[in-house]
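In the working numbering, the protein residues as written are 17 to 462.
Heads up, the beta-carbon is just placed ideally off N, CA and C, and yes, glycines get one too.
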Ligand SMILES: [Zn+2]
């Protein structure tokens, strides 16, 4: 059977964009219902769970005979991030317009094109009476952009039995980093947010001699934190180097922790995005992003703090974070108070997680890619940011970011557009991605 063209995926994507499920507040039920009616048109039953007013998640399933592994399309989120300046867009960010081979709009890349192609591949398989060995599950969720508490996390909490799966494929990956070398996401970094505060002694700003100024201490702390080098591991870069078939010298440059700083500074000029990525994949990162101190210009400040965005590698826990913050602060550590920023919802914290980079399933993903890009190979990467994969990994699933971009798409272009201005995805990418999902399910579950 030849699957139909991706026209349906394109119009489904446009509709999801037009639904404008900006989180906050999300209101994703609208898009969940859009998916539900697309399934209904083909007689596919689905269940919708409302996790909060106007928020919800959908699950559908093609039941297997029970003698094989289960695979999930998802968790795939329908919420999108806000648009900062709609006027700077070439097209209305919620038009979902198709222009010059691209579908335009907020969420096109992150990740509505995946929702649309997964739904369509699921329908195709249902339409042709596909009988999988293990269940094929479709899970569409809310709230990923705010941590997933009402989406994938909510499903794990409230209906763990329904979403249990051996394997899952969802957003990210699919980008060619060199001809025939296509990324997939095998894991993700964790997120920790910490506040470091200092106290001084209030006094008159006219006589600062010998004063104990909280802002002065803080500024030294910020400098120390930003210059600190946490321990480097090249484990995850090693997987990348292997996937890229790098020559001996290049591999050494990337996987030897003594040479890595030189490699990064060379890369920085030529391929800044790659340099940032490689840096983030090799260590915990600390970014001091909010500072606050002082109340009045003629008063020596008594209190000052910095809020840090910290990203951890799989296996690095809270103790690891705190001990390195203390090291970074050096002589200031004893005076500093390190705590969670007030109002930080626990949901913004997560641990890094990863799935195997080599397995029968990874081979099946690679076969699906090779049908479209002859000789193509998959290269595993750890995502610098958190995704919903961690929720299903917690339940024992091996979860991957897997899709297939038009190989012509430049990597930098993608990094700029996701969450950015003029976000758009090519129709060709929709076609390719729908096909890899379709063939992956048929091959692995068939
Ligand atoms: Zn996303």
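Ligand 1 heavy atom lying under 7 angstroms from the CB of residue i
| i | result |
| --- | --- |
| residue 93 | yes |
| residue 126 | yes |
| residue 439 | no |
| residue 463 | The structure shown does not extend to residue 463, since the chain is modelled only from 17 to 462, so the question has no answer here. |
| residue 160 | yes |
Residue i (DSSP reduced to helix, strand or coil)
| i | result |
| --- | --- |
| residue 287 | coil |
| residue 7 | Outside the shown range of the chain (17 to 462) lies residue 7, about which nothing can therefore be said. |
| residue 311 | coil |
| residue 347 | helix |
| residue 363 | Residue confidence is low: residue 363 scores 46 on pLDDT, short of 50, so the model does not pin down where it sits. No coordinate-derived value is stated. |
| residue 219 | strand |
| residue 299 | coil |
| residue 192 | strand |
| residue 38 | strand |
| residue 60 | coil |
| residue 282 | helix |
| residue 380 | helix |
| residue 402 | coil |
| residue 435 | coil |
| residue 334 | helix |
| residue 389 | coil |
| residue 339 | helix |
| residue 2 | Nothing in the structure corresponds to residue 2, since the chain is present only between 17 and 462. |
| residue 450 | helix |
| residue 31 | helix |
| residue 24 | helix |
One or two residues paired with residue i in a DSSP bridge
| i | result |
| --- | --- |
| residue 186 | 417 |
| residue 441 | 119 |
| residue 321 | 213, 308 |
| residue 397 | 201 |
| residue 326 | 208, 302 |
| residue 369 | 204 |
| residue 408 | Paired residue(s): none; residue 408 is not in a bridge. |
| residue 354 | 212 |
| residue 316 | 219 |
Any non-hydrogen atom of ligand 2 closer than 7 angstroms to residue i Cβ
| i | result |
| --- | --- |
| residue 96 | Ligand 2 is not part of the structure shown, which contains ligand 1 as its ligands. |
Could I get the ranges of all uninterrupted beta strand (DSSP E) runs contained in the segment 64-149, with 3 residues as the minimum, in chain order? The DSSP assignment places complete beta strand (DSSP E) segments of no fewer than 3 residues inside the segment 64-149 at 71-78, 87-93, 118-120, in order along the chain.
Counting only runs of 3+ residues fully inside the segment 147-176, write out the beta strand (DSSP E) ranges in chain order. 152-157
With a cut-off of 8 angstroms, do at least 3 Cβ pairs link the segment 318-333 to the segment 368-386? Flag = yes, the segment 318-333 and the segment 368-386 touch.
Is the segment 31-40 close to the segment 88-105, with three or more CB pairs under 8 angstroms? yes
Is the segment 418-437 in contact with the segment 178-195, if contact means three or more CB pairs nearer than 8 angstroms? yes
At least three beta-carbon pairs within less than 8 angstroms, the segment 48-67 to the segment 137-155: yes
Are the segment 265-280 and the segment 370-383 touching by the rule of at least three beta carbon pairs closer than 8 angstroms? no
Is it the case that the segment 101-115 contacts the segment 20-34, given that we only count it when at least three CB pairs across the two stretches are under 8 angstroms? yes
Count the CB pairs spanning the segment 439-453 and the segment 226-241 that are closer than 8 angstroms, and state whether there are at least three. Short answer: they don't touch.
Which runs of the alpha helix (DSSP H) fall wholly inside the segment 224-276 and span at least 4 residues, in chain order? 230-243, 251-259, 264-271
Pairing CB atoms from the segment 312-329 with CB atoms from the segment 285-294, are three or more of them under 8 angstroms? Contact between the segment 312-329 and the segment 285-294 is absent, because fewer than three Cβ pairs lie under 8 angstroms.
Would you call the segment 192-208 and the segment 164-177 in contact, with 3 or more CB pairs under 8 angstroms? Pairwise C-beta distances place the segment 192-208 out of contact with the segment 164-177, as fewer than three of them are shorter than 8 angstroms.
Any contact of the segment 144-158 with the segment 39-53, i.e. 3+ C-beta pairs under 8 angstroms? Contact between the segment 144-158 and the segment 39-53 is present: 3 or more CB-CB pairs across the two stretches fall below 8 angstroms.
Flag this pair as touching only if the segment 260-268 and the segment 294-308 have three or more C-beta atom pairs under 8 angstroms; answer yes or no. no
At least three beta-carbon pairs within less than 8 angstroms, the segment 73-85 to the segment 391-408: Short answer: they don't touch.
At least three beta-carbon pairs within less than 8 angstroms, the segment 382-393 to the segment 147-154: No: fewer than three Cβ pairs fall under 8 angstroms.
Any contact of the segment 432-443 with the segment 119-127, i.e. 3+ C-beta pairs under 8 angstroms? yes
Is the number of C-beta pairs between the segment 196-211 and the segment 69-76 that are closer than 8 angstroms three or more? no
Between the segment 333-341 and the segment 204-219, are three or more C-beta pairs nearer than 8 angstroms? By the criterion of at least three beta-carbon pairs nearer than 8 angstroms, the segment 333-341 is in contact with the segment 204-219.
Just checking, does the segment 339-346 make contact with the segment 171-182 on the three C-beta pairs under 8 angstroms criterion? no
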